[in-house]
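In what follows, a single structure is set out as structure tokens and then discussed.
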Ligand SMILES: C[S@@+](CC[C@H](N)C(=O)[O-])C[C@H]1O[C@@H](n2cnc3c(N)ncnc32)[C@H](O)[C@@H]1O
């Protein structure tokens, strides 16, 4: 496919969230539809190691792909699995354990990992464990998690990671930091900026990093 690096997509959350969740977690379906159509074919396996409320898995299934995923939060995992046809493919676990789950080889990974600000103590990858606090530990863990991916992905498969820079008192350049840690294992091929049509006035765009599983 031609490498596009700028797109406008509608910001619309089409699926109601469960009663136990606050707003703001879900990725708009339009983004998943675009990348799943562009990078996969019907019948292929689509994997999300940070499944959240399952948008990537629902969209993949609706589009005739076979969804697989991991979600550390049991309430979310149960809620999503309960609505998937392939409900046994969503496992409640730490994404760092993906190699031990027994997944088949994936054709594509598409995910939005949990974000952390430089100024935060709470490390979302360790559910806020105070012994694992801090941004550098977060980045080190993210690197470790993404380094597991080649073991469960087909060679040259795309890995699409949605991420945002986080403005604030201390600016967090999460996009560049993710490129740096994920790029240690798989090769960055493109960065697509998505301009949101609609949605919140303070959230006008997002980034999708496209890596390729070039690991041997
Ligand atoms: C940004 S959300 C994903 C949202 C998703 N794209 C959606 O549309 O619902 C990131 C998810 O990663 C999960 N998570 C955090 N640490 C994790 C870990 N170590 N392993 C697996 N999942 C984790 C969080 O519970 C959260 O649901």
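In our numbering, the protein residues as written are 1 to 216.
Note that CB positions come from ideal geometry on N, CA and C, so glycine has one too.
For a quick check, are the C-beta atoms of residue i and residue j less than 8 Å apart?
i           : j           : result
residue 115 : residue 75  : no
residue 193 : residue 160 : no
residue 188 : residue 179 : yes
residue 64  : residue 51  : no
residue 56  : residue 13  : no
residue 49  : residue 28  : no
residue 60  : residue 46  : yes
residue 66  : residue 82  : no
residue 156 : residue 88  : no
residue 158 : residue 212 : yes
residue 58  : residue 17  : no
residue 31  : residue 162 : yes
Let me know if residue i comes out buried or exposed under the rule of 16 or more other beta-carbons within 10 Å of its beta-carbon.
i           : result
residue 107 : buried
residue 8   : exposed
residue 72  : buried
residue 145 : buried
residue 40  : buried
residue 182 : buried
residue 202 : exposed
residue 195 : exposed
Excluding the 5 residues preceding and the 5 following residue i in the sequence, name in chain order all residues of the same chain whose CB lies nearer than 7 Å to its CB.
i           : result
residue 168 : 117, 119
residue 5   : 190, 191, 192, 193
residue 98  : 49, 70, 148, 152
residue 105 : 152, 153, 154
residue 177 : 139
residue 86  : 61, 66, 67
Leaving out the 5 sequence neighbours to the left and right, which residues in its chain are closer than 6 Å to residue i when beta-carbon positions are compared?
i           : result
residue 172 : 117, 118, 166
residue 126 : 132
residue 197 : 8, 10
residue 93  : 70
residue 112 : 27, 162
residue 128 : 122
Quick one: residues in its chain with C-beta nearer than 8 Å to the C-beta of residue i, no 5 flanking neighbours on either side, listed in chain order?
i           : result
residue 147 : 184, 185
residue 84  : 54, 57, 58, 61, 67, 90
### Message
Which runs of the alpha helix (DSSP H) at least 4 residues long sit entirely within the region 171–198? Give them in chain order.
### Response
174–182
### Task
Could I get the ranges of all uninterrupted beta strand (DSSP E) runs contained in the region 31–62, with 3 residues as the minimum, in chain order?
45–48
### Task
Could you tell me whether the region 128–148 touches the region 66–82, where touching means 3 or more Cβ pairs closer than 8 Å?
no
#### Entry: Segment contact, 8 Å Cβ cut-off, at least three pairs: the region 196–207 with the region 139–158
no
#### Entry: Segments of 4+ residues assigned as alpha helix (DSSP H) that fall wholly inside the region 77–114
none
### Query
Enumerated in chain order, which unbroken segments of the alpha helix (DSSP H) with a length of 4 residues or greater are wholly contained in the region 129–177?
135–148
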